[in-house]
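J.: Okay, here's the structure, questions in a sec.
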Amino acid sequence: MLIHPEEILETINMVTNEHLDIRTVTMGINLRGCSHPDIKVFNQQIYDRIMHCAEKLVRTTEDIQKLYGIPIINKRISVTPIAIVAEACQTKDLTSVAETLDRVAHEVGVDFIGGFSALVQKGMTPGDLKLIDSIPQALASTKKICSSVNVATTKAGINMDAVARMGHIIKHTAELTRDSQGLGCAKLVVFSNAPEDNPFMAGAFHGVGEPDCVINVGVSGPGVVNSAVRSLQDPSLGDISECIKKTAFKITRMGEMVGREVAHRLGAQFGVLDLSLAPTPAVGDSVAAILEAMGLESCGTHGTTAALAMLNDAVKKGGAMASSSVGGLSGAFIPVSEDQGMIRAVQRGSLSLDKLEAMTCVCSVGLDMIAVPGDTSPATISAIIADEMAIGMINKKTTAVRIITAPGTQVGDTVEFGGLLGSAPVMPVHNFSSETFIARGGRIPAPIQSLTN
Amino acid sequence: MSSSRFVITVIGLDRVGIVAGISQVMAEHSVNIADIRQTIMNDLFTMIMLAEVKSEEFELAAFQEAMSDIGKKLGVQVIVQHEDVFRFMHRI
Numbered sequence: 001m002l003i004h005p006e007e008i009l010e011t012i013n014m015v016t017n018e019h020l021d022i023r024t025v026t027m028g029i030n031l032r033g034c035s036h037p038d039i040k041v042f043n044q045q046i047y048d049r050i051m052h053c054a055e056k057l058v059r060t061t062e063d064i065q066k067l068y069g070i071p072i073i074n075k076r077i078s079v080t081p082i083a084i085v086a087e088a089c090q091t092k093d094l095t096s097v098a099e100t101l102d103r104v105a106h107e108v109g110v111d112f113i114g115g116f117s118a119l120v121q122k123g124m125t126p127g128d129l130k131l132i133d134s135i136p137q138a139l140a141s142t143k144k145i146c147s148s149v150n151v152a153t154t155k156a157g158i159n160m161d162a163v164a165r166m167g168h169i170i171k172h173t174a175e176l177t178r179d180s181q182g183l184g185c186a187k188l189v190v191f192s193n194a195p196e197d198n199p200f201m202a203g204a205f206h207g208v209g210e211p212d213c214v215i216n217v218g219v220s221g222p223g224v225v226n227s228a229v230r231s232l233q234d235p236s237l238g239d240i241s242e243c244i245k246k247t248a249f250k251i252t253r254m255g256e257m258v259g260r261e262v263a264h265r266l267g268a269q270f271g272v273l274d275l276s277l278a279p280t281p282a283v284g285d286s287v288a289a290i291l292e293a294m295g296l297e298s299c300g301t302h303g304t305t306a307a308l309a310m311l312n313d314a315v316k317k318g319g320a321m322a323s324s325s326v327g328g329l330s331g332a333f334i335p336v337s338e339d340q341g342m343i344r345a346v347q348r349g350s351l352s353l354d355k356l357e358a359m360t361c362v363c364s365v366g367l368d369m370i371a372v373p374g375d376t377s378p379a380t381i382s383a384i385i386a387d388e389m390a391i392g393m394i395n396k397k398t399t400a401v402r403i404i405t406a407p408g409t410q411v412g413d414t415v416e417f418g419g420l421l422g423s424a425p426v427m428p429v430h431n432f433s434s435e436t437f438i439a440r441g442g443r444i445p446a447p448i449q450s451l452t453n
Numbered sequence: 001m002s003s004s005r006f007v008i009t010v011i012g013l014d015r016v017g018i019v020a021g022i023s024q025v026m027a028e029h030s031v032n033i034a035d036i037r038q039t040i041m042n043d044l045f046t047m048i049m050l051a052e053v054k055s056e057e058f059e060l061a062a063f064q065e066a067m068s069d070i071g072k073k074l075g076v077q078v079i080v081q082h083e084d085v086f087r088f089m090h091r092i
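Protein chains in written order, with my numbering: chain A, 1 to 453; chain B, 1 to 92.
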């Protein structure tokens, strides 16, 4: 037997005890051929197109899950940013497009569809404006739609008009989904340098440089890395880095194998493997727990940024060795509500919004799944976004903000979303105003880093 | 997928008839045992088999269900996975 029994048992242990899984298989579908001035025709065309491509996605993915005995948690679809394909529509409100996508998501059985999106880093077209203004109603009247708006890039700078507008859109989305404590905001991301091939929600969309139909895979495994680090006997930081690299290698290899097989069976192109440590609310499946395993008393204390930088780098090195198709976000995620360790750190008082912002300088992706008080002003939300966008722009990396202003909540309350979205303790924001700064509008020019040619 | 070979892992408390029971179901599905190893790890009986599918009409889902059923009868956990998963993960 060429395979060693210990390797077999290690793999089984990773799955059964350490929550190793393929977090998502996401099919990217090009909708550029669906444009039409009549929104009814347009909706019918996107419905037909997605049904045609994704009809067998869920069944095929389930077959692969059985074949390899590795759980595949989510099956998702990303589409060309709707602002682009709906530009020609003569209707102002694009909610019906979201409803069509929602219907098709239910029919093919996927968990989410991403791509109710606009790319406005340098300016907004009439189509972009229509889409952005439709976001609150679209998220309130659908279940499976995810929306994202890219407002900054290193090449273009930051579109502060869009940043200002998104503050209002987030507040409005929270109001319209008041019954579910602002759940709509959990499906809305504001990006800097958004990747075009990201399989993870809520930020997935099918970029304009992508093929017609593509399979992108997101693998995860904070639980596996956590157990591996904890099993080391009095390690140096170098030993920990080595251990994380090796673990990331194994996780990535498995993801690539699954992705290629799914793509092959569906006749789609294999796109990228996104190796991200995406925590879940399950105990131990936590990025904060890994940082604490490295020797921090509680995530968020001094040293957290350094520990996270090493973790993120080691994950990438292991992943890059294992696959030539690593893409998407690829890094450690630090969503507060989805990570038991992060929630505990906030409750203990060791993790603040400011520290989280510092952490986003060294990892993917950004201020993710953060709940702030319901009375936070749109200008403050926009200012939080602007700070995060600046980090992404200057550091030539993706950053994002997914922030929930749960109506009626105050610091100390907890917002419950359930499932993979978990629960978020409401965190304090600064009380000093950013109103005048945000009201200035315009654009923060592209930084010197953009002049690379 | 490069072959039709599966790794079958059986984990549980040792008792009479585990090998007999498992291999009986395998024979019914025309699955051949290419290699077999057993050991006691952490006080648990652990048997690992490399199995080759011989029949054209082999249906993985039905086989997995049958293996899971016999596992329940014998009080052990039976996992059937394509061998590629281990090759990919641990070999370059």
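No residue lacks a Cβ here, since even glycine has one placed at the ideal position from N, Cα and C.
Does any residue of chain A have a CB that is nearer than 9 Å to the CB of B:H82?
T.: It does; some Cβ of chain A falls within 9 Å.
J.: What residues of chain B sit near A:M257, judged by a beta carbon separation below 9 Å?
T.: Here the neighbours are D84, V85, R87, F88 and M89.
J.: Could you pull out every residue in the same chain whose Cβ sits closer than 7 Å to the Cβ of A:N216, ignoring the five residues on either side in sequence?
T.: Cβ neighbours of A:N216 beyond the five flanking positions: T26, G28, D197, P199, G271, V272, D274 and G328.
J.: Hey, how far is the Cα of A:L311 from the Cα of A:E7?
T.: So the two alpha carbons sit approximately 24 Å from each other.
J.: To which residues of the same chain is A:G33 closer than 8 Å at the C-beta, ignoring the five residues directly before and after it?
T.: Excluding positions up to five away in sequence, the list reads Q45 and R49.
J.: The alpha helix (DSSP H) that contains A:D102, what's its start and end?
T.: Element bounds for A:D102: T95 to V108.
J.: Counting C-beta neighbours from all protein chains within 10 Å, is the total for A:K250 16 or more, i.e. buried, or is it exposed?
T.: With 16 or more other Cβ atoms within 10 Å, it is buried.
J.: Look at the alpha carbon of A:V415 and the alpha carbon of A:I370, and state the distance between them as a whole number of angstroms.
T.: For A:V415 and A:I370, the distance between alpha carbons rounds to 10 Å.
J.: By alpha-carbon positions, which one of A:N43, A:K56 and A:V120 ends up nearest to A:E99?
T.: The residue with the shortest Cα to Cα distance from A:E99 is A:N43.
J.: Does any CB atom of chain B fall closer than 9 Å to the CB of A:H19?
T.: For A:H19, the answer is no, since every Cβ of chain B falls outside 9 Å of its Cβ.
J.: Can you give me the C-alpha to C-alpha distance between A:P211 and A:P195, rounded to a whole angstrom?
T.: Taking the straight line from one Cα to the other gives about 15 Å.
J.: The alpha helix (DSSP H) with A:Q347 in it runs from where to where?
T.: Unbroken alpha helix (DSSP H) run through A:Q347: Q340 to R348.
J.: Alpha carbon to alpha carbon, what distance is there between A:A263 and A:I145?
T.: If you take the alpha carbons of A:I145 and A:A263, they lie about 23 Å apart.
J.: Hey, out of A:N30, A:A174 and A:Y68, whose CA is closest to A:A381's CA?
T.: The question names Ala, but residue 381 of chain A in the sequence shown is Ile. Of A:N30, A:A174 and A:Y68, the residue nearest in Cα terms is A:A174.
J.: Out of curiosity, what's the CA-to-CA distance linking A:D21 and A:G284?
T.: So the alpha carbons of these two residues sit roughly 14 Å apart.
J.: In terms of residue numbering, what span does the beta strand (DSSP E) encompassing B:Q38 cover?
T.: Taken as a continuous stretch (DSSP letters only), the beta strand (DSSP E) holding B:Q38 covers V31 to M41.
J.: If you draw a straight line from the alpha carbon of B:R87 to that of A:L237, how long is it in whole angstroms?
T.: Cα to Cα, the separation comes out at about 29 Å.
J.: For the segment 2-16 of chain B, which residues have a beta carbon sitting closer than 7 Å to at least one beta carbon of chain A?
T.: Going along the segment 2-16 of chain B in chain order, one finds V7 and T9 with a Cβ nearer than 7 Å to chain A.
J.: Measuring alpha carbon to alpha carbon, tell me which residue in A:E435, A:Q269, A:N395 and A:D161 is nearest A:M359.
T.: When each option's Cα is compared against that of A:M359, the closest is A:N395.
J.: Rounded to a whole number of angstroms, what is the C-alpha to C-alpha distance between A:E261 and A:A383?
T.: The alpha-carbon atoms of A:E261 and A:A383 are separated by roughly 44 Å.
J.: Whose C-alpha, out of B:T46, B:L44 and B:R5, is nearest the C-alpha of B:N32?
T.: The shortest C-alpha separation from B:N32 is found at B:R5.
J.: Does DSSP put A:K75 in a helix, a strand or coil?
T.: Strand at A:K75.
J.: Is the CB of B:M26 under 9 Å away from at least one CB in chain A?
T.: Chain A, which has no Cβ nearer than 9 Å to the Cβ of B:M26, makes this no.
J.: Give every residue of the same chain whose Cβ lies closer than 6 Å to the Cβ of A:S227, excluding the five residues on either side of it in the sequence, and list them in chain order.
T.: Once the five neighbours on either side are set aside, the close Cβ partners of A:S227 are E18.
J.: Consult DSSP for A:A400 and reduce its assignment to one of helix, strand or coil.
T.: Three-state DSSP puts A:A400 in a strand.
J.: Excluding the 5 residues flanking A:V58 on each side, which residues of the same chain have their C-beta closer than 7 Å to its C-beta?
T.: The answer, listed in chain order, is K75, V108, G109 and V110.
J.: What does the alpha-carbon distance come out to for the pair B:D69 and B:E28?
T.: Their Cα atoms are separated by approximately 14 Å.
J.: Using the rule of at least 16 other Cβ atoms within 10 Å of the residue's Cβ for burial, across every protein chain shown, is A:P428 buried or exposed?
T.: So A:P428 ends up on the exposed side.
J.: Starting from B:E52, follow the beta strand (DSSP E) in both directions and report where the run begins and ends.
T.: Element bounds for B:E52: L44 to V53.
J.: Going by alpha carbons, who is nearest to A:D161 out of A:A446, A:H430 and A:A386?
T.: Checking every option, the nearest Cα to that of A:D161 belongs to A:A386.
J.: I'd like the list of long-range same chain contacts for B:M1, defined as Cβ closer than 7 Å, with 5 residues on each side in sequence excluded.
T.: Note that B:M1 scores 47 on pLDDT, short of 50, meaning its location in the model is unreliable; the coordinates nonetheless yield the value given after this. Excluding sequence neighbours, B:M1 sits near H82 and D84.
J.: Any chance you could list the alpha helix (DSSP H) runs of at least 4 consecutive residues sitting entirely within the segment 225-279 of chain A, in chain order?
T.: For the segment 225-279 of chain A, whole alpha helix (DSSP H) runs of length 4 or above, ordered along the chain, are 237-266.
J.: Using the C-alpha atoms, what's the distance from A:L129 back to A:T479?
T.: Because residue 479 of chain A is not part of the residues shown, which for chain A are 1 to 453, the question remains open.
J.: Closer than 8 Å: is that where the CB of B:V25 sits relative to any heavy atom of the ligand MG?
T.: Of the ligands one can find in the structure shown there are none, so the ligand MG has no counterpart to examine.
J.: Could you tell me which of A:P235, A:L351 and A:G115 sits nearest to A:G300, measuring between CA atoms?
T.: The candidate whose alpha carbon is nearest that of A:G300 is A:L351.
J.: Which bits of chain B does A:T11 rub up against, with CB to CB less than 7 Å?
T.: What A:T11 touches in chain B: V85, F86 and M89.
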